[in-house]
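To convert, take the position in the sequence shown, counting from 1, and add 201; that gives the working numbering. Ideal Cβ placement from N, Cα and C applies to all residues, glycine included. Note that this is a predicted model, so its numbers are computed, not measured.
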Amino acid sequence: MNLRPVILVFDSGVGGLTVFREIVKARPDASYVYVADDAFFPYARRSEEELVGRVVPLMEELIATHMPDLAVIACNTASTLVLPHLRARFALPFIGTVPAIKPACIASRSRLVSVLGTEATVRREYTRGLIRDFGQGCDVTLVGAAHLAGLAERALRDDAIDDDAVAREIAPCFVASGGRRTDTIVLACTHYPLLLDRLVRLAPWPVDWVDPAPAIARRMTDLIGPPTAGAPNGKACAVFTSPLGPPPALAAALARFGIGEAAAAQGAAACPCRPGGSATA
Ligand code: DGL
Numbered sequence: 202m203n204l205r206p207v208i209l210v211f212d213s214g215v216g217g218l219t220v221f222r223e224i225v226k227a228r229p230d231a232s233y234v235y236v237a238d239d240a241f242f243p244y245a246r247r248s249e250e251e252l253v254g255r256v257v258p259l260m261e262e263l264i265a266t267h268m269p270d271l272a273v274i275a276c277n278t279a280s281t282l283v284l285p286h287l288r289a290r291f292a293l294p295f296i297g298t299v300p301a302i303k304p305a306c307i308a309s310r311s312r313l314v315s316v317l318g319t320e321a322t323v324r325r326e327y328t329r330g331l332i333r334d335f336g337q338g339c340d341v342t343l344v345g346a347a348h349l350a351g352l353a354e355r356a357l358r359d360d361a362i363d364d365d366a367v368a369r370e371i372a373p374c375f376v377a378s379g380g381r382r383t384d385t386i387v388l389a390c391t392h393y394p395l396l397l398d399r400l401v402r403l404a405p406w407p408v409d410w411v412d413p414a415p416a417i418a419r420r421m422t423d424l425i426g427p428p429t430a431g432a433p434n435g436k437a438c439a440v441f442t443s444p445l446g447p448p449p450a451l452a453a454a455l456a457r458f459g460i461g462e463a464a465a466a467q468g469a470a471a472c473p474c475r476p477g478g479s480a481t482a
């Protein structure tokens, strides 16, 4: 492993930033390339064939361009489907993001747990298998949210978000049955922690919201080790696959996450952190 590893963080949009912020805390000395495949967002609306056919060749291009030491697939909708294809195709280590059903079911006291994800993630056989294998006898309610990831995208661009729209999406997570109430909700889409303040405020009653990002950061340091003592912080840049690139409000949000350079990719090869790359910020 390089002394300053290059870590590629991949999502369909800005949701992966909620994973990125945790792994940067664990390895501030690494270099980061954040890739938002926004030209193909939302992944949840794509068929399984389309998604595999999109992500595998895109990853090939990204690996050739950025030569990462590790890739973090910071997207449940992609990880629950594409990870086996990536691992079969590339020698690079991949860390995926999948619904944190096991820790949620261990922690739940009421034994009523909900999994809030995209419609695609809650449909996946992979997710159903996690409930069968790690549900610990809890009653698990799967809730597919059609619009929440899009609302999170808009929130990060400083667009006004309608509270009622958010409340409608999360309402089916709150189950009361036989004197018990849902006490734990798995955030099974990396976009949702971007809305956490609203989720907490709009919840009909208080619950624990389980964000997998800290566990992903721990998995990363298990794989690549802790930071090198005394090493300066590494740089982070972002690549967007749509030709427009991030608007000013989003560029400002990225800067708050520590990403100072962001560019629209001409293919995956244009990157602000490479010589000749097309930095716009
Ligand atoms: N951030 C992605 C996830 O964790 C979902 C958004 C999409 O549908 O593209 O599932």
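Exercise. Can you tell me the Cα-Cα spacing of T391 and A450, whole angstroms?
Worked result: 20 Å
For this session: Classify I307 as buried or exposed, calling it buried when 16 or more other Cβ atoms lie within 10 Å of its own Cβ.
Result: exposed
Problem set entry | At least three beta-carbon pairs within less than 8 Å, the stretch 235-246 to the stretch 402-421 | no
Problem set entry | Under 9 Å between C-beta atoms of F242 and I460 | no
Problem set entry | For L388 and P394, the rounded distance between their alpha carbons | Those two C-alpha atoms are separated by around 7 Å.
For this session: Under the assumption that V323 contacts V344 (Cβ atoms under 8 Å), give the Cβ distance between them as a whole number of angstroms.
Result: 7 Å
Exercise. What are the residues that DSSP puts in a beta bridge with D340?
Worked result: Note: D340 sits in a beta bridge opposite L313.
For this session: Below 8 Å on the Cβ atoms is my guess for L317 versus G297; work out the distance and round it to an integer in Å.
Result: Rounded, the Cβ-Cβ distance is 18 Å, inconsistent with contact.
Exercise. Can T278 be considered in contact with the ligand DGL, in the sense that its beta carbon sits closer than 8 Å to one or more heavy atoms?
Worked result: yes
Problem set entry | Limits of the unbroken beta strand (DSSP E) element including D384 | Where D384 is concerned, there is no enclosing beta strand (DSSP E), given that its DSSP letter is neither H nor E.
Problem set entry | Top-ranked residue by Cα proximity to A301, from W410, A231, E320 | W410
Exercise. By Cβ distance, which residues of its chain are closer than 8 Å to V253, with the 5 residues on each side in sequence left out?
Worked result: L282, V283, H286
Exercise. G318 bridges to which residues according to DSSP?
Worked result: G345, A389
Problem set entry | Terminal residues of the beta strand (DSSP E) in which L209 lies | 207-212
Problem set entry | Any 3 or more C-beta pairs closer than 8 Å across the stretch 357-372 and the stretch 332-340 | no
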